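> First, the structure itself, so that you have it in front of you.
Residue numbers (the numbering used here), protein chains in the order written: chain A, 1 to 205; chain B, 1 to 108.
Laid out in structure tokens, this is it:
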């Protein structure tokens, strides 16, 4: 019966398209709920019984907005964990490069050591402020991402990892830095997408 | 105000045993004598959130009546969270009652 309930479930599925697995799960679960509620209505079977079940359930958009807000919190937590891991690994990689090169080992550029060090300092400072004041905002995470990317790139250039034969721990640490910055980018983009979706769902109309 | 306590209310509704979403919302309505007449959909983000937090588990079941339902159950952590929430609520309710419930004059 492609009636009121089926149409409602279709709308809900569309509103939850930011998470396809959740959308499918909720479509199945909500349909079972609505059918049971409609069958408990004295007017069952009728479109009016389905309509009343849907009205008692609430707007699909409101439901999707609540799921989207929860998704923002989860994604923000993942992003901050990825940032903490990236900061820790970048710090270890920096120390390994200094141990290998010594303090004056940078033959490629005068600028690279400065960017390596101060971009990292900026990233940790912004991360500290962002964690306490703007935990659900994408901006501090994006600033940290850019600063860490600059620090990592400068560190790799500084050490000349592509030119000279670097020891395995230094190379592994650099590879871990690059992998983590990729993971952080993935999470920050995901957070931005979920924040936009939540804002759209909360917009009236 | 209710929204802040919805998670605890849902956990309490599952204290008697596993149930599906429709039965949970009906239990909440009945236990509150119809005072908590929420839009029924409100329950699902809460159920999902509690499951993600490990306080509930869920599984699809097909009862003899034939309709497939996702049934939720309290986990050990959920039962422990409910006990903590209940203690906190009792303290809070007692304090509010003492403050605005009447029966004792404010000091002049």
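The beta carbon of each residue, even a glycine, is placed where N, CA and C say it ideally should be. For clarity, every value in this text was computed on a predicted model and none was experimentally measured.
Do residue 207 of chain A and residue 49 of chain A have their CB atoms nearer than 9 Å?
Nothing can be reported for residue 207 of chain A: it is not among the residues displayed for chain A, which extend from 1 to 205.
> Can you tell me whether DSSP reads residue 56 of chain B as helix, strand or coil?
DSSP places residue 56 of chain B in strand when its eight states are reduced to three.
> Could you say which of B:68, B:50, B:97 lies nearest to residue 29 of chain A if we only look at CA atoms?
For residue 29 of chain A, the nearest C-alpha among the options comes from B:68.
> Taking the Cβ atom as the reference point for each residue, do residue 151 of chain A and residue 129 of chain A lie within a distance shorter than 9 Å?
No. Outside cutoff.
> Determine, using beta carbons only, whether residue 176 of chain A and residue 89 of chain A come nearer to each other than 9 Å.
It is a contact, given that the beta carbons lie within the stated cut-off.
> What's the gap between the Cα of residue 14 of chain B and the Cα of residue 74 of chain B?
Near 6 Å, if we compare the C-alpha coordinates of residue 74 of chain B and residue 14 of chain B.
> Find the residues of chain A that neighbour residue 72 of chain B, judging by a C-beta separation of less than 7 Å, and give them in chain order.
Within 7 Å Cβ-Cβ: nothing; residue 72 of chain B doesn't reach chain A, min ~10 Å.
> Please state whether the Cβ-Cβ distance between residue 87 of chain A and residue 148 of chain A is less than 9 Å.
The answer is yes: Cβ separation under 9 Å.
> Name, please, each residue of chain A whose Cβ falls closer than 9 Å to the Cβ of residue 64 of chain B.
What residue 64 of chain B touches in chain A: nothing, since even the nearest Cβ is about 15 Å away.
> Which of the three DSSP states, helix, strand or coil, is assigned to residue 53 of chain A?
If DSSP states are grouped into helix, strand and coil, residue 53 of chain A belongs with the helices.
> From residue 204 of chain A to residue 56 of chain B, what distance separates their C-alpha atoms?
Their Cα atoms are separated by approximately 33 Å.
> Do you know offhand how far residue 195 of chain A's Cα is from residue 69 of chain A's?
Between residue 195 of chain A and residue 69 of chain A, the C-alpha separation is close to 8 Å.
> Whose Cβ in chain B lies nearer than 7 Å to the Cβ of residue 66 of chain A?
Those are 45, listed as they occur along chain B.
> Answer yes or no: does any C-beta atom of chain A fall closer than 9 Å to that of residue 42 of chain B?
Output row for residue 42 of chain B: interface = yes.
> Show which residues of chain B have a CB atom less than 9 Å away from the CB atom of residue 32 of chain A.
20, 21, 22, 67, 68, 69, 70, listed in chain order.
> DSSP three-state call for residue 61 of chain B: helix, strand or coil?
Reduced to three states, the DSSP call for residue 61 of chain B is strand.
> Does the distance from the CB of residue 123 of chain A to the CB of residue 157 of chain A come in under 9 Å?
No, the pair does not count as a contact, with Cβ atoms beyond the cut-off.
> Identify whether residue 70 of chain B lies in helix, strand or coil by the three-state DSSP scheme.
Reduced to three states, the DSSP call for residue 70 of chain B is strand.
> Compare the beta carbon distance of residue 76 of chain A and residue 19 of chain A with 9 Å and say whether it is the shorter of the two.
Against a cut-off of 9 Å, the Cβ pair of residue 19 of chain A and residue 76 of chain A comes out as no contact.
> Buried or exposed: where does residue 121 of chain A fall if 16 or more other Cβ atoms within 10 Å of its Cβ makes it buried?
Answer is exposed; the Cβ neighbour count stays below 16.
> Evaluate residue 66 of chain A with the Cβ neighbour count: other Cβ atoms within 10 Å of its Cβ, from every protein chain shown; 16 or more gives buried, anything less gives exposed.
Residue 66 of chain A should be labelled buried.
> Would you kindly check if the distance between the Cβ of residue 52 of chain A and the Cβ of residue 40 of chain B is under 9 Å?
Going by C-beta atoms, residue 40 of chain B is not nearer than 9 Å to residue 52 of chain A.
> Can you grab the Cα-Cα spacing for the pair residue 172 of chain A / residue 165 of chain A, in whole Å?
Taking the straight line joining both Cα atoms gives about 13 Å.
> Which residues of chain B have a Cβ atom closer than 7 Å to the Cβ of residue 27 of chain A, listed in chain order?
Near residue 27 of chain A there are no residues of chain B at all, since even the closest Cβ is about 11 Å away, more than 7 Å.
> So, residue 85 of chain A versus residue 8 of chain A, is the Cβ gap smaller than 9 Å?
Taking 9 Å as the Cβ cut-off, residue 85 of chain A and residue 8 of chain A do not qualify as a contacting pair.
> Counting contacts by CB-CB distance shorter than 9 Å, is residue 31 of chain B in contact with chain A?
Chain A, which has no Cβ nearer than 9 Å to the Cβ of residue 31 of chain B, makes this no.
> Measuring CA to CA, which of A:141, A:201, A:198 is closest to residue 189 of chain A?
If we check each option's Cα against that of residue 189 of chain A, A:141 comes out closest.
> Chain A partners of residue 49 of chain B, CB-CB under 7 Å?
Within chain A, the residues near residue 49 of chain B are 70.
> Pick from A:146, A:174, A:145: whose alpha carbon is nearest that of residue 159 of chain A?
For the residues A:146, A:174, A:145, the minimum Cα distance to residue 159 of chain A belongs to A:174.
> So, are the CB atoms of residue 82 of chain A and residue 146 of chain A less than 9 Å apart?
No, they are not a contact pair.
> Of the residues A:58, A:110, A:136, A:169, which one's Cα is nearest the Cα of residue 95 of chain A?
For the residues A:58, A:110, A:136, A:169, the minimum Cα distance to residue 95 of chain A belongs to A:169.
> For residue 123 of chain A, does the three-state DSSP call read helix, strand or coil?
Residue state, collapsed to three classes: helix.
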